[in-house]
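Working notes, structure below.
2 protein chains.
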Amino acid sequence: MVTMADVARAAGVSVMTVSNVLRDRGRVGEETRQRVLRTVAETGYAVNLTARNLRRGRADAVALIVPSFDHAYFGDLASRLAALFGERGLHLVVEQSGASREGELAALDQARLRAYDGVLLSVVGMTAADLNALAVTTPLVLLGEQEAPARFDHVSMANAEGARAAVAHLVAGGSRRIAVVGGEDPRGAATMATERMAGWRAALEGAGLAAERGLVVRLEAFEPDAARVAVREAIARDPEIDGVFAVTDQVAIGALAGLADAGLDVPGRVQVMGFDDLRIARHVAGGLSTVDPGAAWIAEAAADALARRMSDPDAEPRHLTAPARVVARRTTRPA
Amino acid sequence: MVTMADVARAAGVSVMTVSNVLRDRGRVGEETRQRVLRTVAETGYAVNLTARNLRRGRADAVALIVPSFDHAYFGDLASRLAALFGERGLHLVVEQSGASREGELAALDQARLRAYDGVLLSVVGMTAADLNALAVTTPLVLLGEQEAPARFDHVSMANAEGARAAVAHLVAGGSRRIAVVGGEDPRGAATMATERMAGWRAALEGAGLAAERGLVVRLEAFEPDAARVAVREAIARDPEIDGVFAVTDQVAIGALAGLADAGLDVPGRVQVMGFDDLRIARHVAGGLSTVDPGAAWIAEAAADALARRMSDPDAEPRHLTAPARVVARRTTRPA
DNA sequence: ATGAAAGCGCTAACAG
DNA sequence: CTGTTAGCGCTTTCAT
């Protein structure tokens with residue numbers, strides 16, 4: 126491995142001159158500059174960022190920690206954030222926590238985090254207590270879950286309100302027995318699904334309808350396969366179901382497949398609503414009606430919040446919620 | 126920021142003892158150990174990985190560089206790889222190159238790469254010449270594209286053969302005018318799309334059908350929106366089209382939407398084939414017929430190849446190709 | 001069982 | 001315009 130000292134020796138200058146040339150700092154004679162550059166090219170030298178970062182005390186990089194790489198929502202978020210941080214001269218790297226409490230705790234390992242100038246954490250498995258116990262010194266912004274300790278910056282989406290509006294839209298379209306597919310968190314924590322289910326309940330109650338337990342379709346995983354099977358079973362159990370609110374678009378896609386399996390027309394016989402407005406949403410089933418959680422808004426708010434926290438560690442923590450919006454397409458009937 | 130020296134002072138020991146306790150190395154008395162551990166907890170100390178990595182000369186981390194975070198295929202790949210490397214005690218971080226030649230070149234910045242023990246690069250925009258010019262010292266394994274310089278390890282999928290089999294399946298199902306949606310790379314480089322298109326051509330020729338230029342539907346981006354519009358236009362231009370081979374499932378989903386817009390029955394009037402076998406493939410349009418490119422195989426081969434390269438930098442480069450397999454579902458007719 | 005010294009590769013600060 | 005000195009926080013090596 127060739128070091129800066131090797132380059133310096135080969136070019137007949139000091140390491141400082143090499144360093145200065147490479148960073149365009151200090152005053153370096155044009156001739157010397159060229160010689161150093163030539164030597165760098167000849168030797169194939171590249172700075173050791175680990176050493177540079179250690180010395181400078183920063184990395185010019187931020188991390189996004191997501192529950193799973195394998196989810197369209199996070200892919201989209203990561204893409205947006207990469208662009209946003211890029212504009213600020215910061216590199217974005219993505220790490221996976223595994224969507225479990227243990228995974229998140231491990232991913233939040235102080236040591237790991239300290240290698241970055243800032244961290245965006247998309248919480249899923251951790252409880253409020255876990256978050257409270259977190260002793261992180263790296264600038265950190267929490268994403269996604271509804272509740273977060275006041276001392277953290279937090280950017281969330283309007284899960285409950287978006288879900289309420291979505292279900293209200295189903296009601297307006299004429300559905301009376303609306304199942305919620307996704308169910309609540311087993312631990313009763315304020316997770317995305319729990320919040321969205323609360324919105325479902327609120328909408329039903331607001332319309333004078335009963336939020337019966339039988340209408341709650343629990344899922345082990347928020348994936349199409351599980352949803353497809355579960356919806357088929359739910360329909361078989363309760364043929365009166367005439368509306369489906371899926372807690373995510375992925376779940377909605379599975380639900381649509383399950384309804385198709387059962388030979389039920391959408392939206393004629395059963396209306397379907399998703400949540401997330403994934404890019405493919407407009408292309409499935411003629412256009413999946415869903416809730417736009419404000420992904421662009423969230424990415425910008427998160428990037429701003431982290432930049433702010435990085436420049437001022439003592440700034441007052443901010444809790445921001447993106448506005449959600451119902452996107453009516455073809456799996457629901459016009460009101 | 127609390128350092129190891131701070132902890133040592135507070136615990137009344139030397140930094141070496143702290144280091145030894147933290148890494149479970151060396152012989153440390155139980156009493157001392159407890160005292161150090163207590164001090165670590167009290168001070169909230171966490172090792173500085175940047176310093177540790179500099180000293181140790183490794184990071185216990187590998188990077189996966191993908192063209193875009195925002196693509197289901199790469200999300201899936203990243204998930205699989207994270208698990209595979211996790212088993213080997215290596216941390217996986219994902220970076221985005223931006224799917225352009227410039228982006229990839231920037232992402233391949235020697236300096237960045239050297240911060241990892243190994244790198245997996247999913248090539249898209251770079252030409253063979255670019256790859257050849259690459260002077261990387263970090264253990265590197267190339268992924269995805271068909272051609273790669275012999276000196277690199279390379280794991281690819283059977284793009285041409287998979288596409289050939291897919292189109293042969295369309296022919297067997299009775300299609301005679303089969304459009305390929307995705308088109309070739311403008312630069313004529315051996316990209317995924319070009320390879321898959323070559324497979325389309327081979328299948329047609331093998332069946333005695335003409336691979337007319339009019340059957341090639343070019344796309345600016347391999348996304349549903351673009352595909353939907355392009356397919357609508359193609360069908361309007363040539364109503365005889367009775368089969369569609371989409372170069373990716375994402376494109377296929379858009380193509381299906383376009384065919385639905387045009388009121389054409391799938392698979393009765395037009396058969397549709399995708400490529401990738403994304404998880405949602407089985408849930409769209411009753412089940413999208415597609416090509417399984419062997420994602421699991423690829424992830425394992427890539428992880429093995431990189432581990433091997435990391436342990437032996439001089440090992441003979443290997444070029445591996447995953448077997449592809451047609452998955453016939455409901456958007457094609459049985460032969 | 002514990003500690004002192006040296007140095008990983010780089011850059012800030014200052015000297016010339 | 002260029003070079004010297006010091007040290008970022010840690011681990012390796014060797015001594016005690």
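Protein chains in written order, with the working numbering: chain A, 126 to 460; chain B, 126 to 460. Note that beta-carbon positions come from the ideal geometry of N, C-alpha and C, so glycine has one too. This structure is a prediction, so every number in the text was calculated from the model and none was measured.
- Contact note: phenylalanine 194 of chain A reaches chain B through Gly200, Ala203, Ser204, Ala207, Val219, using a C-beta cutoff of 7 Å and chain order.
- The C-alpha of leucine 217 of chain A lies about 7 Å from the C-alpha of leucine 189 of chain A.
- Taking 8 Å as the CB threshold, threonine 457 of chain B stays off the interface with chain A.
- The C-beta of methionine 129 of chain A comes no closer than 8 Å to any C-beta of chain B.
- Taking every protein chain shown into account, the CB of threonine 262 of chain A has fewer than 16 other CB atoms within 10 angstroms, so this residue is exposed.
- Exclusion of the five residues before and after alanine 410 of chain A leaves Leu381, Val391, Arg455, Thr456 as the residues of its chain whose Cβ lies within less than 7 Å of its Cβ.
- DSSP, read as helix, strand or coil, puts alanine 290 of chain B in helix.
- Approximately 4 Å separates the beta-carbon atoms of threonine 319 of chain A and glutamate 309 of chain A; this is inside 8 Å, confirming the contact.
- For the segment 143-174 of chain B, the set of positions with a beta-carbon nearer than 7 Å to some beta-carbon of chain A reads Gly169, Ala171, Val172, Asn173, Leu174 in chain order.
- For asparagine 145 of chain B, the CB contacts under 6 Å within the same chain, skipping 5 residues up- and downstream, are Gly151, Val153 in chain order.
- Valine 191 of chain B and serine 247 of chain B do touch by the CB rule: their CB atoms are close to 5 Å apart, below 8 Å.
- Residue-level contact by beta carbon holds for methionine 126 of chain B and chain A, with a gap shorter than 8 Å.
- Apart from sequence neighbours up to five positions away, the residues of its chain that approach arginine 407 of chain A with a beta-carbon distance below 8 Å are Leu413, Arg454, ordered along the chain.
- Here threonine 415 of chain B is near methionine 398 of chain B, since their CB atoms are less than 8 Å apart.
- Contacts between arginine 404 of chain B and chain A, judged by CB atoms closer than 9 Å, involve Asp195, Glu348, Pro349, Asp350, Gln375 in chain order.
- Note that the C-beta distance between leucine 233 of chain B and leucine 268 of chain B is not below 8 Å.
- Secondary structure of alanine 328 of chain B (DSSP, three-state): helix.
- Using a CB distance cut-off of 8 Å, glycine 214 of chain A does not count as an interface residue toward chain B.
- Cβ-Cβ distances below 6 Å link glycine 368 of chain B to Leu295, Ser300, Ile303, Gln396 in the same chain, with the five nearest sequence neighbours on each side left out; the list follows chain order.
- Pairwise C-beta distances place the segment 417-428 of chain A in contact with the segment 202-209 of chain A, as three or more of them are shorter than 8 Å.
- The secondary-structure analysis by DSSP pairs isoleucine 303 of chain A across a beta bridge with A:Gly368.
- Taking 8 Å as the threshold, the shortest C-beta distance from glycine 379 of chain B to chain A falls below it.
- A Cβ-Cβ contact shorter than 8 Å links alanine 133 of chain B with valine 140 of chain B.
- For the pair alanine 171 of chain A and glutamine 235 of chain B, the Cα-to-Cα distance works out to about 6 Å.
- Rounded to whole angstroms, aspartate 149 of chain B and alanine 359 of chain A show a C-alpha spacing of 53 Å.
- For the segment 249-279 of chain B, the residues whose beta carbon sits under 8 Å from a beta carbon of chain A are, in order, Ala260, Thr262.
- Under a criterion of Cβ atoms nearer than 7 Å, the residues of chain B adjacent to asparagine 178 of chain A are, in order, Thr175.
- If the five residues before and after leucine 340 of chain B are omitted, its C-beta is found closer than 7 Å to the C-beta atoms of Arg302, Ile303, Ala304, Val305, all from its own chain and listed in chain order.
- Its chain contains Gly298, Ala453 as the residues whose beta carbon lies nearer than 8 Å to that of proline 459 of chain A, once the 5 sequence neighbours on both sides are disregarded; these appear in chain order.
- Residues of the segment 388-414 of chain A that bring their beta carbon within less than 9 Å of a beta carbon in chain B comprise Arg404, Ile405, Arg407, His408, Val409, Ala410, Gly411, Gly412, in sequence order.
- Contact between glycine 383 of chain A and valine 356 of chain A holds: CB atoms are separated by about 3 Å, below the 8 Å threshold.
- If one requires a minimum length of 3 residues, the beta strand (DSSP E) runs lying completely within the segment 205-265 of chain B are 216-221, 243-247, in chain order.
- Here valine 292 of chain B really is in contact with alanine 328 of chain B; their C-beta atoms are around 3 Å apart, less than 8 Å.
- Look at arginine 160 of chain A here: in three-state DSSP terms it is helix.
- Straight through space, the alpha carbons of leucine 209 of chain A and serine 436 of chain B are spaced by roughly 37 Å.
- Contact check for proline 418 of chain B against glycine 287 of chain B passes: the beta carbons are separated by less than 8 Å.
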